[in-house]
Structure formats: C-alpha cells, structure tokens
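Trainee: One structure follows; several queries about it will come next.
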Amino acid sequence: MRGFWATLRQLKDLLSPRERGRLIRIGAAVSGSALLETLTVLALVPFMAVVASADAMYEQAGLVRLHTALGSPDFAGFVMMLGAGVLCIVILSNAISAVVTWRLQRFVWDQHHDLSRRLLLRYLHQPYTFFLGRNSSELSKNILSEVEVVVTGIVLPLMFSAARGVLAVFLVSMLMLVDPKVAVVSISLIGGAYGLIYWMVRGPLGREGQARLAANSERYRRAAEALAGVKAVKILGMEEAFIGRFTSPSLAFTRATSNREVFAVVPRYALEAVAFGGITVLVMLVLGRPGGPQGVLPVVALYGFAGLKLLPALQQIFASFATMRFYTPALERLHDDLMEPSPARDAEAVLAASPSEGPLVTLRDVSLRYPDAPDMALRGVSMEIMQGRLHGVVGTTGAGKTSVSDLVLGLLTPESGEVTVAGDVLSPSRVQAWRSRVGYVPQEIFLSDDTLRGNIAFGLDPHDIDEERLARAVKAAQLDLVVAELANGLDTPVGERGVRLSGGQRQRIGVARALYRSPEMLVMDEATSALDPATEREIVAGLRSIGVTVLWVTHRLVTVEGFDTIFVMEGGRLVAQGTHAELSAGSAPYQLLLGGDDGAS
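For what it's worth, our numbering labels the leading residue of the sequence shown as 76, then goes sequentially.
Below, the structure written as structure tokens:
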C-alpha cells in the first residue's frame, strides 16, 4: 500500500489547487451516484416481495404503510405502481451515472491538456545546457505519449476505482444490514481473493511497467532517427537496418503492454466462477430457512442484483489498481520532470542601450566547461566585439568557435570571467532583454511546414507580419531572386523541414529570418556554408551596408577576408586577432588555416 499512497501524493503534486477543488466536487457527485445505485438495488426488495406473495402487502409493516399511502390499490395496481417506481429510480440512477461519467472523462482529459502544456512549458524554460544532456525524442515522448499514459493509466483508473469503491461500500453496507454473517463471508471470500491475486501480480506489473517505459523511449528514438535521416537512409540502402533497430523495442513495448492486459483481466474469469458458485450456495442455504421459497425470494433477489453490480465494481477496482501499478513508472518520470525546481527567473533587468561606437559585447577572461565534460571548452578568452563592425571567428574543429557564439547569445554561462553588453554584465536577468536585440543564424536552419513568408516571420500571426520589413529582409539575404522565380512567391510552401528547398536557399531564409527582427547584432554560425562565394559576398556587403554588428563563426577564411577583425581560436584559447592582412603576415595559426582553406586558395 505504500506504493499506492506514493502514487496519490505524486498525483496531488501534479494538480493545481483549483483542480483539486474540482476533483472534490466530482467526488461528491460520484458518492451521490453510488448511493442512488444502491437505492436502486434496495428498491427491488419490496417489488420482489409482492411479486412472490400477494399477502406481503398486508403482512409486512413497510409494505402496509406504502400500500396505504398509495391509496390502497388492488394487487395488480400495487404491483404496477411498485414496478413504475423501481423503473423511475433505475432511469434516474442511470442518467445521473452517465452525467457523472461525462464529468469524470472531461476532468481527466482536461488534465491531459494541462499536463502536456505544463510539461512543454517546463522544458522550454530550461537552460540550454539541459538540452545538451537530453534526447529530443525522449522529451517529445514525455509530452505526447507519457502524459496520455498517466491520464489514461493512472488518473482515469483511479477515478473509476474510487467511484466503484464508493458503490461497493454502499452495497456491502446494505447487505450487512440484511444478513451480516452471509455478507461478511461473501465479501471476505471475494475481496480476499482479489487482494491475494493483486499482491501476487503487483511485482511483475511494476517490472513490466519499467520495461514498457524503457522500450517506449527507445522506439521513439529509433523512429525519429530513421525519419530525420531518411535521405541518408535511402541513399545507403539502410531501410531494413533501421527497421531492425525499431523492431526490438517495439516488440518489448507490445509484450509489456499485452502482459498488463492479461494481469488486469484474466483473474475475473476465475473469480466470477467463485462468486456465482457462492450465490448458488447462498440460495441453497437460504431456501432451508422458514418461510419457503416465497419468503426467501426477496433476499435472494437482493443478493443477486447486488452481486450483478458488486462483482463488476470489484473487477474494475482490481483492474484499475493493476493498471495504475503498471503505469506508475510513467507517473514517476512525469512527476520528476514537472516537480524539478525550475531555474530561478529574476525580474528582467534593464540592459544598457547599444553605444554609437566602441565595444558592444566584451568577453573578459572567460572560461567555460560543458556539463559532465572532462576538459575546458574555453580558457581565459578575452575579446571585444565593436559596434557596427564585422567580426570573424575561425579555427579548427573543436577550437571553441561555437562556444564563443553561445556565450555571446547568452545560451551558456561562463565558469569564470564575464560577458558584458554595452558595459552591463550579461546576467540571467538580462539575457532575455539581450536576445530581443540579437539575431542568430545557425548552419542547420529549422524550417516549419509553412510558407516562405511564415518561415521568415517565424512565430508571428500572418496578420501581424510587416510587409515592408519582410521585403527588406528578403533583399538583404539575397533571397529576392529565388522568390521571383517561384509561382506563389513568398506564399510558396517549403515542405517539412524545407525539403523542397536547396541547402543554400534554406540558409538564406535563415538570414532573412534573423534580419526581419531588425537586430542590433547578428551571430552567424557557419550560416552560409552551402552558398557559393559570390552570393556570400553579396550577403556580407548587404550586412555592412545596414550597419549591423556581426559575429561570424566559419571555417572558410574567404568568408572573413574583408572583415574588420578576425579572432583565431585554438584549443579553447584566443591565439590571435586582427585583419586578414595582419594575420596573414604575422600569425602562424592563421597561416596554417589559410594553407588548408580551399575557399581561399
């Protein structure tokens, strides 16, 4: 039972105070519905008593008072009135049960929406380093799959088991009033059997639940890899290999889920035999009592109708507990992610305006280490990025180029040293203000399945797009000629991840997207690697003409030949800086890069 109470505590943590209040109100409705269902069973007793013996309406005190209250009708009329009354109670009970079930389902699926939204919000508010250690398919699985599992496998079974539990309590209480000994023996036998079976299967259910969670993560990852790399998969003829990688976790997931169904449902068949056998024995025992069949028929009917409602209720309670046990690992994962403390979000601090000249961004003796990395990514790097100038960052693979750009963007926090913007330290409270003033163009441009217009004005409602600003961004990114050749112009769909465009076209869209925001500074990370040198030079000339500050990370020295300052990185250190001419004449590391740069030769 400790596991069950832990599950309840975790669910309580996931519900807001408003939702807890809503749950209490639904619980009250569930109790009322269960009470009415019990009264439905109880109402059958006088009806069956009169049907079994006409003398009952003259001999049993309760029936005598009811007969008198109804105007002392004849036997046939009294039976019709009783039957109509029972029918009305049944219809009312079923109608209320339907409404309560609707409210239960509505509440549960409202939680599905709320938990999915909160989990996505929690992920998006995590620092950039959080995503360096988590697989995106794992996060997608949690939002889209595990939330639904928790709702349908924990919340919904818990609600229905609670509803059936209240009904079972009322029915058992009613039977105890009629015949305590028979009720205690019957409920002990059936309830004890369910309890014993659950105790036996809870361990295997927990292990199967862990296996399902792991297999589900693996199959999401394998499917995402196959579809994301479909071009390479087809070129290399690796379709069957990727199917093979997906097959094993998919089978493990299927087997674990099917085992859960077996554990939850199969015991019903054995226990139904026990229960109905018990009812048969009960009838035989009761028939031996004084009064003959007519006298015991109401009691037998009461136990029979109570059993028809009680047995399904007990089976649903058992199946719900088995299901909750199986899906508890998914709840624990969701609880951990939602309850993990969010990064402290200080009030947004004011960031100084960009200077008309001089340093815009300064790195002072900055050192950086990525989480769980054995070596430093940057060591004592100091550089000044001047307002309105073009700056290049060059070096071999792993030299620290991208780490510099991530620090400038505020994605990473230095282990020592500081990053300043216009003299203000780029603290966590100032990061958002700075990001609203800086544009970023990565090598791999993310494109949504939208039009060119929608991808350039990324995230904006179509009615909020500034057409003049859009046109300027398209021209500065050298995208206007591409747009002119398209039949639908800016309204041309790009396909999923821009599959209908070339690499160079996608990169130009990325540049246009960054420029649409009119940034004060533009950070380019291998952003034009798919463009020809002529187009690249035109983009550089366009950036210089609009006076935007640029930090351009690249491995192609030809890209930065005309830049105002070039920073040379090596082994996480800044080893040289200057113009192309200065570095060509006096920097050995730059000369080595120059000798290996095909674009500059």
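Backbone N, C-alpha and C define an ideal beta-carbon position, used for all residues, glycine too.
#1: Starting from the Cα of Val-574, find the closest Cα among Val-161, Leu-527, Ser-593 and give me that residue.
#2: Return the Cβ separation of Glu-490 and Arg-444 in integer angstroms, given the expectation that the two are a contact with Cβ distance under 8 Å.
#3: In the structure shown, what three-state DSSP assignment does Pro-594 receive?
#4: Check whether the segment 608-623 and the segment 585-597 are in contact - that is, three or more C-beta pairs closer than 8 Å.
#5: What does the alpha-carbon distance come out to for the pair Ser-292 and Ser-212?
#6: Considering only their Cβ atoms, is the gap separating Ala-497 from Ala-428 smaller than 8 Å?
#7: Using only the alpha-carbon positions, how far apart do Phe-205 and Met-251 sit?
#8: Go to Met-644, then tell me how far its alpha helix (DSSP H) extends in each direction, as first and last residue.
#9: For Arg-297, count neighbouring Cβ atoms within 10 angstroms of its own Cβ and tell me buried if that reaches 16, exposed if not.
#10: Tell me whether Tyr-665 is buried or exposed, calling it buried when 16 or more other Cβ atoms sit within 10 Å of its Cβ.
#11: Taking 7 Å as the limit between beta carbons, can you name the residues of its chain near Leu-678, skipping five residues before and five after?
#12: Evaluate Glu-611 with the Cβ neighbour count: other Cβ atoms within 10 Å of its Cβ, from every protein chain shown; 16 or more gives buried, anything less gives exposed.
#13: Using the Cα positions of Thr-403 and Pro-434, report the straight-line distance between them to the nearest angstrom.
#14: Helix, strand or coil for His-538 per DSSP?
#15: Which residue wins for smallest C-alpha separation from Pro-503, given the options Gly-485, Val-513, Trp-80?
#16: Which residue spans inside the segment 464-514 form an unbroken alpha helix (DSSP H) run of at least 4?
#17: Nearest CA to the CA of Ile-266: which residue from Gly-653, Val-244, Gly-284?
#18: Just to confirm my understanding: we take Ser-676, look at its own chain, exclude 5 residues before and 5 after, and list those with CB closer than 6 Å. What are they?
#19: Measure the alpha-carbon distance for Gln-285 versus Phe-401 and round it to whole angstroms.
#20: Does the segment 624-639 come within contact of the segment 459-477, defined as at least 3 CB pairs closer than 8 Å?
#21: Looking only at its own chain, which residues have a Cβ that is under 8 Å from the Cβ of Gly-617, when we skip the five neighbours before and after it?
#22: Does DSSP put Met-451 in a helix, in a strand, or in coil?
#23: Can you tell me which of Gln-507, Glu-415, Leu-406 puts its alpha carbon nearest to the alpha carbon of Val-222?
#24: When you compare only the Cα positions, how much space is there between Ala-81 and Gly-646?
#25: DSSP three-state call for Ile-460: helix, strand or coil?
#26: Give me the DSSP bridge partner(s) of Gly-653.
#27: Count the other C-beta atoms from every protein chain shown that fall within 10 angstroms of the C-beta of Trp-509, then say buried if there are 16 or more, exposed otherwise.
#28: Could you check how far apart the C-beta atoms of Leu-576 and Val-569 are, in whole angstroms? I think they sit under 8 Å.
#29: Please report how far the alpha carbon of Gly-653 lies from the alpha carbon of Thr-477, in whole angstroms.
#30: Taking Gly-240 as the reference, give the member of Gly-107, Val-154, Lys-309, Glu-613 with the closest Cα.
#31: Buried or exposed: Glu-601, going by 16 or more other Cβ atoms within 10 Å of its Cβ?
#32: Going by CA-CA distance only, name the one from Val-183, Lys-87, Leu-207 that's closest to Ala-448.
Mentor: Put simply:
#1: Considering only Val-161, Leu-527, Ser-593, the residue with the shortest C-alpha distance to Val-574 is Leu-527.
#2: Glu-490 to Arg-444, Cβ: 5 Å. Contact.
#3: In the displayed model, Pro-594 falls within coil according to three-state DSSP, outside both helix and strand.
#4: Segments in contact, yes.
#5: Going by the C-alpha atoms only, they are around 8 Å apart.
#6: Contact flag set, yes.
#7: When rounded, the separation of the alpha-carbon atoms in Phe-205 and Met-251 is 58 Å.
#8: Unbroken run through Met-644 is the beta strand (DSSP E), 640-645; no alpha helix (DSSP H).
#9: Taking all protein chains shown into account, Arg-297 has 16 or more neighbouring C-beta atoms within 10 Å of its C-beta and is therefore buried.
#10: Buried is the call here.
#11: Residue 678 is absent from the model: the chain starts at 76 and stops at 676.
#12: With 16 or more other Cβ atoms within 10 Å, it is buried.
#13: When rounded, the distance between both Cα atoms is 55 Å.
#14: His-538: helix per DSSP, three-state reduction.
#15: Among Gly-485, Val-513, Trp-80, the Cα nearest to that of Pro-503 is on Gly-485.
#16: You should have 476-483, 503-510.
#17: The sequence given here places Gly at residue 266; Ile does not occur at that position. When only C-alpha atoms are compared, the closest one is Val-244.
#18: Reliability fails at Ser-676, whose pLDDT of 33 lies under 50, so the model's placement of it is uncertain and the value that follows must be treated cautiously. Excluding sequence neighbours, Ser-676 sits near nothing in its chain.
#19: If I take the Cα positions, the gap works out to 8 Å.
#20: A contact exists between the segment 624-639 and the segment 459-477.
#21: Around Gly-617: Lys-550, Ala-551, Ala-552, Gln-553.
#22: Coil.
#23: For the residues Gln-507, Glu-415, Leu-406, the minimum Cα distance to Val-222 belongs to Leu-406.
#24: Roughly 50 Å between the two C-alpha positions.
#25: Shown here, Ile-460 sits in a strand according to DSSP, grouped into three states.
#26: Assignment of beta-bridge partners to Gly-653 by DSSP yields Ile-641.
#27: So Trp-509 counts as buried.
#28: About 6 Å separates the CB atoms of Leu-576 and Val-569; that is less than 8 Å, so the two are in contact.
#29: Spanning the two alpha carbons is a distance of roughly 19 Å.
#30: Nearest C-alpha to Gly-240: Gly-107.
#31: Taking all protein chains shown into account, Glu-601 has 16 or more neighbouring C-beta atoms within 10 Å of its C-beta and is therefore buried.
#32: Sorting Val-183, Lys-87, Leu-207 by C-alpha distance to the C-alpha of Ala-448 places Leu-207 at the top.
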